[in-house]
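A quick write-up on the structure given underneath.
Numbering (our numbering), first residue to last: 8 to 347.
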């Protein structure tokens with residue numbers, strides 16, 4: 008039921024990804040059974056692979072997280088996350104309200120390994136492939152301990168989803184020198200460099216390093232990460248719009264665009280915003296897809312959820328936190344709404 012489009016996107020997305028995941032994978036679809044079954048009737052490849060769990064209740068896109076916690080029980084979002092807790096599902100995927108999803112997931116699944124709050128991560132396209140960036144909107148204010156946690160979470164995520172055995176880690180800063188940045192980012196730098204956490208720590212990286220692929224994982228607070236993500240999305244839309252205008256400005260440019268159609272589609276694909284933002288740090292896998300997700304986007308989010316569910320992700324985090332040797336202190340800042 009989540010997102011701007013509901014079952015007309017989410018159910019065909021299941022069909023799109025079902026063959027990739029293999030015949031043994033089954034799906035639970037939570038929401039209005041009438042609408043879901045109408046979509047399933049058009050998709051014979053999903054026969055026998057989807058169990059529909061009916062509810063007419065849903066979390067509104069503008070509902071505050073606190074309200075969602077009070078009124079959310081029995082909604083499609085609540086039921087999907089609860090299925091993970093009960094072991095009925097290996098992962099939950101939603102394109103609904105980000106703040107509500109984070110609050111409900113934390114309440115139902117709880118945090119793992121003494122972590123305080125989940126964080127949102129994005130797979131950022133670069134010249135080398137993808138860089139994992141976190142946090143991109145869940146935790147506005149972060150101390151050094153939180154940033155070190157993000158490094159541990161990001162390493163485990165990048166290994167599970169992108170298959171890099173020993174991902175390199177960088178801290179986003181205003182410069183690469185040790186004296187640059189505020190106190191918390193410098194302290195996190197010291198811990199990662201000297202604290203024996205066991206990560207492949209590169210050091211500080213700057214904003215232009217995000218698309219250069221200098222490191223596999225870039226760590227930052229949720230305020231900076233969300234501003235960077237929204238800026239990148241805005242620039243991508245601007246470039247796409249300008250390119251479209253240029254390619255339709257004359258008959259010859261239209262002909263050129265037709266001849267280069269395949270390359271232009273690939274270009275648009277590379278500039279698309281991240282399809283999935285997993286909530287890391289929970290006792291279970293929850294993946295957020297953006298509200299305007301199309302079929303391809305939601306299918307990609309399901310694939311990420313499946314990759315995490317099949318991996319040793321949670322155990323890796325617990326082992327790394329044990330190596331860390333200290334308990335993170337809770338932060339008091341309110342969680343942001345995150346990127347849609």
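By construction, the Cβ of each residue, glycine as well, lies at the ideal position given by its N, Cα and C atoms. This one's a predicted model, so the numbers in the text were calculated from it and none came from an experiment.
Hey, could you find the ends of the beta strand (DSSP E) residue i is sitting in?
{"i": "residue 246", "result": "Note, residue 246: premise wrong, no beta strand (DSSP E); alpha helix (DSSP H) at 229-254."}
{"i": "residue 349", "result": "Since the first residue shown for the chain is 8 and the last is 347, residue 349 is missing from the structure and cannot be characterised."}
{"i": "residue 141", "result": "136-141"}
{"i": "residue 295", "result": "292-296"}
Assuming residue i contacts residue j under a Cβ cut-off of 8 Å, what Cβ separation, rounded to an integer in Å, is found between them?
{"i": "residue 178", "j": "residue 195", "result": "6 Å"}
{"i": "residue 61", "j": "residue 75", "result": "That belief does not hold up - the Cβ atoms of residue 61 and residue 75 are roughly 20 Å apart, past 8 Å."}
{"i": "residue 128", "j": "residue 305", "result": "Not quite, the Cβ-Cβ distance comes to about 17 Å (not below 8 Å), so this is no contact."}
{"i": "residue 183", "j": "residue 210", "result": "7 Å"}
{"i": "residue 110", "j": "residue 70", "result": "With a Cβ gap of about 10 Å, residue 110 and residue 70 do not count as contacting."}
{"i": "residue 95", "j": "residue 21", "result": "With 8 Å as the limit, residue 95 and residue 21 do not qualify as a contact, their Cβ atoms being about 16 Å apart."}
{"i": "residue 192", "j": "residue 154", "result": "7 Å"}
{"i": "residue 288", "j": "residue 119", "result": "6 Å"}
{"i": "residue 102", "j": "residue 320", "result": "With a Cβ gap of about 22 Å, residue 102 and residue 320 do not count as contacting."}
{"i": "residue 98", "j": "residue 316", "result": "4 Å"}
{"i": "residue 318", "j": "residue 152", "result": "That belief does not hold up - the Cβ atoms of residue 318 and residue 152 are roughly 25 Å apart, past 8 Å."}
Roughly how many whole angstroms lie between the Cα atoms of residue i and residue j?
{"i": "residue 15", "j": "residue 266", "result": "32 Å"}
{"i": "residue 229", "j": "residue 27", "result": "33 Å"}
{"i": "residue 221", "j": "residue 212", "result": "8 Å"}
{"i": "residue 12", "j": "residue 19", "result": "12 Å"}
{"i": "residue 300", "j": "residue 282", "result": "7 Å"}
{"i": "residue 295", "j": "residue 284", "result": "5 Å"}
{"i": "residue 269", "j": "residue 150", "result": "46 Å"}
{"i": "residue 286", "j": "residue 43", "result": "26 Å"}
{"i": "residue 293", "j": "residue 256", "result": "44 Å"}
{"i": "residue 277", "j": "residue 248", "result": "15 Å"}
{"i": "residue 88", "j": "residue 79", "result": "11 Å"}
{"i": "residue 72", "j": "residue 100", "result": "18 Å"}
{"i": "residue 148", "j": "residue 258", "result": "52 Å"}
{"i": "residue 174", "j": "residue 216", "result": "16 Å"}
{"i": "residue 165", "j": "residue 208", "result": "14 Å"}
{"i": "residue 250", "j": "residue 235", "result": "22 Å"}
{"i": "residue 45", "j": "residue 322", "result": "40 Å"}
{"i": "residue 214", "j": "residue 308", "result": "26 Å"}
{"i": "residue 185", "j": "residue 176", "result": "16 Å"}
{"i": "residue 237", "j": "residue 29", "result": "35 Å"}
What first and last residue would you give for the alpha helix (DSSP H) that runs through residue i?
{"i": "residue 88", "result": "83-92"}
{"i": "residue 72", "result": "72-78"}
{"i": "residue 14", "result": "14-28"}
{"i": "residue 217", "result": "216-219"}
{"i": "residue 315", "result": "302-317"}
{"i": "residue 50", "result": "Note, residue 50: premise wrong, no alpha helix (DSSP H); not H, not E."}
{"i": "residue 195", "result": "190-201"}
{"i": "residue 259", "result": "258-266"}
Here's a check: name, in chain order, each residue in its chain whose Cβ is nearer than 7 Å to the Cβ of residue i, leaving out the five neighbours to either side.
{"i": "residue 117", "result": "290"}
{"i": "residue 157", "result": "126, 141, 142, 226"}
{"i": "residue 232", "result": "140, 141, 142, 143, 144"}
{"i": "residue 260", "result": "253, 254"}
{"i": "residue 47", "result": "18, 53, 57"}
{"i": "residue 86", "result": "37, 60, 62"}
{"i": "residue 92", "result": "115, 116, 291"}
{"i": "residue 81", "result": "62, 64"}
In the DSSP output, what is residue i paired with across the bridge?
{"i": "residue 149", "result": "Paired residues: none, contrary to the question."}
{"i": "residue 207", "result": "175"}
{"i": "residue 37", "result": "60"}
{"i": "residue 224", "result": "139, 176"}
{"i": "residue 118", "result": "289"}
{"i": "residue 100", "result": "294"}
{"i": "residue 32", "result": "In the DSSP output, where bridge partners are listed per residue, residue 32 has none listed."}
{"i": "residue 212", "result": "179"}
{"i": "residue 130", "result": "139"}
{"i": "residue 284", "result": "295"}
Taking 6 Å as the limit between beta carbons, can you name the residues of its chain near residue i, skipping five residues before and five after?
{"i": "residue 133", "result": "218, 220"}
{"i": "residue 124", "result": "146"}
{"i": "residue 83", "result": "8, 37, 38, 62, 65"}
{"i": "residue 198", "result": "155"}
{"i": "residue 50", "result": "22"}
{"i": "residue 187", "result": "180, 181"}
{"i": "residue 68", "result": "104"}
Whose C-beta lies closer than 8 Å to the C-beta of residue i among residues of the same chain, with five residues either side of it excluded?
{"i": "residue 378", "result": "Past the boundaries of the shown model lies residue 378; the chain is included only from 8 to 347, so the question cannot be answered."}
{"i": "residue 23", "result": "302, 303, 306"}
{"i": "residue 347", "result": "Residue confidence is low: residue 347 scores 32 on pLDDT, short of 50, so the model does not pin down where it sits. No coordinate-derived value is stated."}
{"i": "residue 169", "result": "130, 136, 137, 139, 223"}
{"i": "residue 275", "result": "247"}
{"i": "residue 263", "result": "254"}
{"i": "residue 200", "result": "208, 210"}
{"i": "residue 112", "result": "88, 99, 125, 286, 289, 291, 293"}
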